[in-house]
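As numbered in our numbering, residues 136 to 394 make up the sequence shown, in order. Beta carbons: idealized from backbone N, C-alpha and C, even for Gly. Note that the coordinates shown come from a computational prediction; the quantities given were computed from them, not determined experimentally. See below for the structure under consideration.
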Amino acid sequence: MTGIFTWLTLKATGVLKVASDALKAILKWMVADWRNGPLVVGWFVALCHWLLVDPAMRSDLSKERAAHKGTEAKLKEARNQVQAERAAHAKTIGRFQSAVLAATAAAHANVARVKAEQEAITQEATDEYQQRVAALRSRAAAAERRLRAAAERRATDAADHGGASAADLPQPGDAATSTDAASADHGFPAARSGLDWPDELSGADICTGNMSLEERLIASEQAVQLDALISWVERQSTVPVAPIITQPAPMPETFDAGQ
């Protein structure tokens, strides 16, 4: 009904007649020259393309442009993430390198400290040993001088009285053994039975049996040397060789690729 009503309306207004005349004129023009037909067909195709195809292509192009922009945004985000990961990785490497350098410097400083402490102990032990040996030798020399002086006095007294023969005079080798009490009185250990540790030598002077003054000196020096060596070893063992850590070193932050 609607189509019939529309046709009647167009016919009544003369529009249908005008359209019919125009169509007849177009057909007449098309058959007038063989080139007019293809030209009309081309116009028709262009009109259809402009009205039907172009809008769809524009819509698809707009969608593709939007998708391309989204892809570019994602690509930019991925690039930024890669740059952030590289920066974090480089930062982690720098922290590890700093930690290695700090540990190396601490190790070198610890080696220098241990060496300095050990050298100080060695120097102190050497000085103490030399002082004790020098004191022993000084006492031995003083005792020897006093023993010789005593022997000379006895020889002089015997010569003055005329009652002593050459055989009765003390010989140089017997000076120490014949005057043990005198050497002890002069501050150097005399020969005694068994072991004797004089208080002033802290157990260093050991004199046993019937020994000469020179033998006592050698024994005392060896005892002092052994005592100094034991003391040196004990003091060296107290030096801490491990690094002295005042506070825990901060651990370098590691990089997590999943962040």
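Check, Outcome
"Does the distance between the C-beta of Arg281 and the nearest non-hydrogen atom of the ligand MG fall short of 6 angstroms?", "For the structure depicted, the ligand MG is absent and the ligand set is empty, with no information on it obtainable."
"Indicate whether Tyr264 and Ala358 have their beta-carbon atoms separated by less than 7 angstroms.", "no"
"When DSSP labels each residue in this structure, what does Asn171 get in the three-state scheme?", "helix"
"Under 8 angstroms, with one C-beta from each stretch per pair, do the region 223 to 235 and the region 348 to 358 reach the 3-pair mark?", "no"
"Start and end of the alpha helix (DSSP H) containing Met346?", "Unbroken run through Met346: none, as it is neither H nor E."
"Return the CA-CA distance between Ile379 and Arg370, expressed in angstroms with no decimal places.", "18 angstroms"
"Using the rule of at least 16 other Cβ atoms within 10 Å of the residue's Cβ for burial, across every protein chain shown, is Ala182 buried or exposed?", "For the sequence presented, residue 182 should be read as Leu rather than Ala. Leu182 is exposed by the Cβ-count criterion."
"Which class does Val374 belong to by DSSP, given the choice of helix, strand or coil?", "coil"
"Quick check: the Cα distance between Lys198 and Lys211, rounded to an integer number of angstroms?", "20 angstroms"
"Can you tell me whether DSSP reads Pro305 as helix, strand or coil?", "Any reading at Pro305 must be qualified, since the residue scores a pLDDT of 47, below 50, and its modelled position is unreliable; the value itself is stated next. If DSSP states are grouped into helix, strand and coil, Pro305 belongs with coil."
"Quick check on Ile379: does DSSP put it in helix, strand or coil?", "coil"
"Suppose you measure from the CA of Pro375 to the CA of Val249; what does that come to, to the nearest Å?", "7 angstroms"
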